[in-house]
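Here is the structure we will look at.
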Amino acid sequence: MFLYYYQAKNCVGCPLNGACHKSKGNRIVQVNERLEKHKDMVFHLLNSDIGIEKRKKRCHDVATVFGNIKQNHGFRRFMLRCKEKVAIEWGLLAIAQNIRKKAA
Numbered sequence: 009m010f011l012y013y014y015q016a017k018n019c020v021g022c023p024l025n026g027a028c029h030k031s032k033g034n035r036i037v038q039v040n041e042r043l044e045k046h047k048d049m050v051f052h053l054l055n056s057d058i059g060i061e062k063r064k065k066r067c068h069d070v071a072t073v074f075g076n077i078k079q080n081h082g083f084r085r086f087m088l089r090c091k092e093k094v095a096i097e098w099g100l101l102a103i104a105q106n107i108r109k110k111a112a
């Protein structure tokens, strides 16, 4: 992994010192070269014609499922409390939704 660290020379007299960082010393910037390349690749894929079409479709598909569960089937709150139990309850809701979808 290629990590580069850059440190500012003198942050004491800078008017943006409080807004830029919270440390008492100079600002240190860390740059990960692989991460930046990956972000660029993902950005170009998401903004391609195929990526834009997939994003439009995804927003619609997800919103309709949650809307159907909430509005048509009256689900507003989880009845159970801890993460494991909520995950089980959500799994049961998802199974019920998939069965309804297959039956229609």
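Under the working numbering, read the sequence shown as residues 9 to 112, first letter to last. Positions of the beta carbon are idealized from the N, C-alpha and C atoms, including for glycine.
Please state the DSSP three-state secondary structure of Val70. In the structure shown, Val70 sits in a helix (DSSP, three-state: H, G or I).
Check whether the segment 34-45 and the segment 14-26 are in contact - that is, three or more C-beta pairs closer than 8 Å. yes
Per DSSP, what kind of secondary structure is Val122 in: helix, strand or coil? This structure leaves residue 122 out entirely; the chain is present only between 9 and 112.
Measuring alpha carbon to alpha carbon, tell me which residue in Val73, Phe51, Gly26 and Lys64 is nearest Ile103. Looking from the CA of Ile103, the closest CA among Val73, Phe51, Gly26 and Lys64 belongs to Val73.
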